[in-house]
Amino acid sequence: MKTNPLNKKFYPPQEKFDTLPIREQEQLSMLIGSNLVFMIMFTLFGAALFVFGYPVIGGGAVCLLAFFIASLIFIKQGHIHRGSWTTTIAIAMVTAVEALGAPFSQTNFLPYRESCFMVVMVICNYVVSLRRKQIHTFFAFIIILWAVINATIYRPLYSANIKAALLNIIICSLGVITANIAILLYDSFTRRVVERAAENEQKTADALGKISNVLNETKEGMNIGKELSASTDKAANNVEEIDKLYAYINTETAGLSSDAGAIRDSSAQINDKAAQMKQSVQNQNQSITQTSAALNQMSSSLTNLSSIATQQRSGMDSLVQNLDSQMKLMQQLVDDVQKVKESSDKVANFVQAVNRVASQTGLLAMNASIEAAHAGTLGKGFSVIAQEIRKLSEETSRNAQNITETLAENVEIVAVTTDSVTRFSDYTRNTTDELRNAITTMEEILAGISDIDNETKRVMESINLIVQDSDTNTRLAQGVAEEIIQQNSSLQNISDGTTKLQQKVASLEDLLSNIRSAISEINSNASRNEEFASKISGALN
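Mapping of the sequence shown onto the working numbering: residues 576 to 1116, in sequence order.
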């Protein structure tokens, strides 16, 4: 609430003031100031009338002070429109008293005085009118009053020269009607300007609110992206460990194959002495059976690992699709921000048009003042009208300048927002590319797992053949102690390799657990990312 200290004393309560439209908030200061000016003028005017011997008219002028005081009291209590109407009634009474009761001399120029006074009162009423209905009502009152005084008071003046009388009526009537119409048109124009400015300001505020919400949600999205990146790095480290483990499994499998070949060569030499080594061969068969079971378990683990990796790849594909959708939403946001900028540019063009109209109105008022000066005494009333119109034009120019500055600030905010959204879109694009690279790496892992599984199956087939050969050797291995010692050495190598293989398979289970944990984190972050995308969509809608 910005005003001078004197006017501020008569302002309504703050909560009542905040409910008023912007136009009425700005006009309230002029309403209070006009009441104070009228009170001072009529106090001095009434005193002067008493001094010059017009006590009746002077007393009426002093009585009118009650209307202006009542108007200020209504405004202070929060009855804004009641106070405005009270001031309008007081102005109407002043006009009627002046037209019907003011002293005059017998001259044909008297109507010019009355018409000028009426025009000035029309302008005063416009300043204090908060509603358009007040202006219309006062206009009708002025027309009726003008017709009454021409039909009664001025009628004797026209009886001597009817031609001059008609000319005076026409000229003065045109002045009164034209001034009222100009006031009505200007009031309509200023109301439209204020309404459109308020509407555009509300649209801009709504758009900025949406942008602010989107920016807040974008910050959350950036944090989610960081968490996704950390989870991806963890998964990549586990993949490297799996690669090392796969290399070791391949080496051990090759060693097992070599040892199995040595066993087959030794079995060919044991011919007559197999009976003595029967029990040892049975122990060997048991060890081979355990090795086969371990290899079966390893094959099952690799199959599960392949299934989990396939699911992880599917989840990453879905995440990439969600990020692509998010990038489209960011582009749509940039387009919407550009539309806000275009809307602000249109409002700026409209304000420039208002400035041009105000400037032209000021020039017209200046020309009217010059022409009124040339007319001398006859143009004095129109000079006052021109000055008031010029003041209104300057006020319109200042308001248009304020709107232009506000629009400039909005344009700057829109530019900063567009830059932030563009940077976030680039970050999202980089994240999508990294996820695609991770998917490619996962496909390579799946191919490696498939190769390992195939090699394991071939080793199991070889071990089955060893078991069959060992059954044959059980019937034939009689008295082959030396060959059995060599066979025991080979079997010991197989046993040691199998033990190490089992240890590595156990570590493989730990790595699989880490991968599952990383996948769970990625899935959780993907869900949060979907919620974030949904929030952005809701904010844009």
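Glycine residues also receive a C-beta, built at the ideal position from the N, C-alpha and C atoms.
Query, Result
"For G750, which residues of its own chain have a beta-carbon under 6 Å away from its beta-carbon, when the five flanking residues on both sides are left out?", "S690"
"Closest to L1123 by CA distance: which of A950, N924, A948 and T662 is it?", "With the chain running from 576 to 1116 in the structure shown, residue 1123 is simply not present."
"Report the three-state DSSP secondary structure of S704 (helix, strand or coil).", "coil"
"Kindly indicate which three-state DSSP category G784 falls into: helix, strand or coil?", "helix"
"Identify whether H711 lies in helix, strand or coil by the three-state DSSP scheme.", "helix"
"Straight-line CA distance for S1099 to T997?", "26 Å"
"Can you tell which of L783, S972 and E774 has the C-alpha that lies nearest to the C-alpha of E984?", "L783"
"Contact defined as beta carbons within less than 8 Å: I believe R965 pairs with M941. What is the distance between those atoms, to the nearest angstrom?", "7 Å"
"If you draw a straight line from the alpha carbon of A835 to that of S1025, how long is it in whole angstroms?", "For A835, the predicted model reports a pLDDT of 49, less than 50, meaning its position is unreliable and no value from the coordinates is stated."
"So which of I648, A623 and A622 has the shortest CA-CA distance to P588?", "I648"
"Taking the alpha helix (DSSP H) that L595 belongs to, which residues open and close that run?", "No alpha helix (DSSP H) contains L595, which DSSP labels as neither H nor E."
"Using 8 Å as the cut-off, can you tell me whether the segment 714 to 726 makes contact with the segment 742 to 761, which would need three or more C-beta pairs spanning the two stretches below that distance?", "yes"
"For chain B, find out if any of its Cβ atoms is closer than 9 Å to the Cβ of I756; answer yes or no.", "Looking for chain B here will not work: only one protein chain is present."
"Does DSSP classify L1010 as helix, strand or coil?", "helix"
"Give me the residue from C638, E963 and I655 with the minimum Cα distance to S1125.", "The first residue shown for the chain is 576 and the last is 1116, placing residue 1125 beyond what the model contains."
"So what's L639 in DSSP terms, helix, strand or just coil?", "coil"
"Taking a contact to mean a Cβ-Cβ separation below 9 Å, would you say I758 touches F714 in this structure?", "yes"
"With DSSP as the reference, label T670 as helix, strand or coil.", "helix"
"If we ignore side chains and look at the alpha-carbon of each, how far apart do K778 and Q913 end up?", "14 Å"
"Tell me which residues share the same chain as A961 and place their Cβ nearer than 7 Å to its Cβ, disregarding the 5 neighbours each side in the sequence.", "A940, A943, S944 and A947"
"Is F627 helix, strand or coil by DSSP?", "coil"
"What's the gap between the Cα of Q901 and the Cα of E980?", "35 Å"
"Checking 9 Å against the spacing of the C-beta atoms, do V986 and K916 come in under that value?", "yes"
"Pull up the CB-CB distance for L624 and A665, whole angstroms please, since I reckon it's below 8 Å.", "Contact doesn't hold; Cβ gap of about 17 Å is too wide."
"Report the three-state DSSP secondary structure of Y586 (helix, strand or coil).", "coil"
"Tell me, to the nearest whole angstrom, how far the beta carbon of M614 is from that of F643; I am working on the premise that it is less than 8 Å.", "5 Å"
"Going by CA-CA distance only, name the one from A975, I988 and D899 that's closest to R1004.", "D899"
"What is the DSSP secondary structure of Y729, counted as helix, strand or coil?", "coil"
"From this set, N1039, I717, M605 and E970, which residue's C-alpha is nearest Q861's C-alpha?", "N1039"
"So, with DSSP's three-state summary, where would you put H656?", "helix"
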